[in-house]
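Residue 1 is where the sequence shown starts when you use full-length UniProt numbering, and the numbers rise one by one after that.
Here the structure is laid out as structure tokens; the discussion comes afterwards.
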Amino acid sequence: MNPLAVNAPYPAPAPPAAPPSPLAGGAGGAALAVRQLAVHLDGRPILNDLSFHVNPGEFLGILGPNGAGKTTLFRALLGLVKPQAGSIVLPRPAEAGQTAVGYVPQSRQIDPELPMHAWDFVCLGLPHAIRPWLNRADKRAVQEALELTGAARLARQSVGRLSGGERQRIYLAQALVRNPRLLLLDEPTSNLDPGAQEDMAAVIDRVRRERSAAVLLISHDVNLVNRYADRILYLTPRRHAVGTVDEVMRTEVLQRLYGGKVDVLRADGKLLVTITGEPAAGICRH
Ligand SMILES: Nc1ncnc2c1ncn2[C@@H]1O[C@H](COP(=O)(O)OP(=O)(O)OP(=O)(O)O)[C@@H](O)[C@H]1O
């Protein structure tokens, strides 16, 4: 089977289908299996006929323009929006205390005056987060998550006073504290300078290697994704493609996704996407 899958244009909203069975069936060894997923919001198709899988320890980058449905996909995986059709098979926790999914949301604002140490903020990822009830295993899990994300030195600092890059690590540690098998990261490198972006991507790469967690990472930086992702899912408002960066980031593939006008250029090993000769700011921030 051709590993590059480009779907058909999204059709008009279909009548409501039989409700999906989110945990039905088996993922066949995959950490996540999405089959023919359709999500409509306010009667408008946002995702349609979306199928892909992610293996344990695999890093899937999710690219696409603003409004393509990347966050909506995460919300569907988290059970926060109800699909119109299709199925989502999540991994089963392998051990007590483990969770299927860890999530770092796109919005990571914290009140600068929040009277909470970074350690306590990470504890919020535990099912029983109040300090007097933490047992030894909980404390070890928090410490390990802080160490894995390179944030142990931040444990006693006020979380609201951390820099953007430090805060990102603390959010990631919170998502990791229950050792999820699947990690959903919504633009974890946004608003970071290039050095901090590289550090964060390296931390995420380490997490998936050391914990064999499958990683789904939404980003607008195709070159960062190119360095770390095994495959990418490229979403546009009407179509999507799944494959390696080399398979998907090609002029002919993006022209099919966007309906023409797009060029993919390569220079010094970097990718640049342009639309009708202009840098593609209007389409995507590559
Ligand atoms: N609760 C909602 N009700 C109706 N429409 C919504 C809702 N949430 C999002 N949308 C719409 O769904 C579309 C996809 O939004 P989504 O946030 O998934 O895009 P995205 O690819 O993550 O974009 P960005 O790159 O800007 O974060 C957008 O047109 C958005 O306006």
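Cβ atoms here follow ideal geometry from the backbone N, Cα and C, with glycine treated the same way.
| Item | Value |
| --- | --- |
| Beta carbon of Lys70: closer than 6 Å to some heavy atom of ligand 1? | yes |
| Relative to the C-alpha of residue 325, which candidate in Glu95, Ala100, Ala96, Ala94 has its C-alpha closest? | Coverage of the chain is limited to positions 1 through 286, which leaves residue 325 absent and any answer about it impossible. |
| Give the straight-line distance between the Cα atoms of Asp49 and Gly69, rounded to the nearest whole angstrom. | 13 Å |
| By the DSSP assignment, the beta strand (DSSP E) with Leu77 in it spans what residues? | It is not in any beta strand (DSSP E) - Leu77 instead sits in the alpha helix (DSSP H) that spans 70-77. |
| Which runs of the beta strand (DSSP E) fall wholly inside the stretch 201-240 and span at least 3 residues, in chain order? | 214-218, 231-235 |
| Does the Cβ of Ala85 have 16 or more other Cβ atoms within 10 Å, making it buried, or fewer, making it exposed? | buried |
| Would you mind listing the beta strand (DSSP E) stretches within the stretch 165-191 that are 3+ residues and don't spill past its ends, in chain order? | 182-186 |
| In whole angstroms, what is the alpha-carbon distance linking Ala151 and Leu134? | 20 Å |
| Within 6 Å: the Cβ of Ile62 and any heavy atom of ligand 1? | no |
| Name, in chain order, the residues that DSSP records as bridge partners for Thr99. | In the DSSP output, where bridge partners are listed per residue, Thr99 has none listed. |
| Near Arg227, which residues of its chain fall below 8 Å by C-beta distance, leaving aside the five closest residues on each side in sequence? | Ala201 |
| Starting from Ala38, trace the alpha helix (DSSP H) both ways and give me its first and last residue. | It is not in any alpha helix (DSSP H) - Ala38 instead sits in the beta strand (DSSP E) that spans 32-41. |
| When the Cβ atoms of the stretch 73-85 are set against those of the stretch 160-172, are three or more pairs found closer than 8 Å? | no |
| For Gly165, I'd like the list of residues in its chain whose CB is within less than 6 Å of its CB, leaving aside the five on either flank, ordered along the chain. | Leu192, Ala196 |
| I'd like the list of long-range same chain contacts for Leu272, defined as Cβ closer than 6 Å, with 5 residues on each side in sequence excluded. | Leu265 |
| Mapping DSSP to helix, strand and coil, what is Thr251? | helix |
| Determine whether the beta carbon atoms of Leu235 and Gly125 lie at a separation below 7 Å. | no |
| From which residue to which residue does the beta strand (DSSP E) around Val262 run? | 262-267 |
| In terms of residues, what are the limits of the beta strand (DSSP E) holding Lys270? | 270-275 |
| Taking buried to mean at least 16 other C-beta atoms within 10 Å of its own C-beta, is Arg136 buried or exposed? | exposed |
| In terms of residues, what are the limits of the beta strand (DSSP E) holding Leu47? | 44-54 |
| With the cut-off set at 7 Å, would you say Leu104 and Ala141 are in Cβ contact? | Here residue 104 turns out to be Val, not Leu, going by the sequence shown. No, they are not a contact pair. |
| Output the distance between the C-alpha atoms of Arg75 and Arg35, rounded to the nearest integer angstrom. | 16 Å |
| Using 8 Å for Cβ pairs, my map puts Phe59 next to Asp205. What's the rounded Cβ distance? | 7 Å |
| Report, in whole angstroms, the separation of the C-beta atoms of Pro188 and Leu217, which I expect to be a contact under 8 Å. | 7 Å |
| Which residue marks the beginning of the beta strand (DSSP E) containing Ala85, and which one marks its end? | 85-89 |
| Measuring alpha carbon to alpha carbon, tell me which of Thr274, Leu184, His53 ends up nearest Leu254. | Thr274 |
| What residue from Glu198, Gln109, Gly243, Gly102 has the CA that sits closest to Arg167's CA? | Gln109 |
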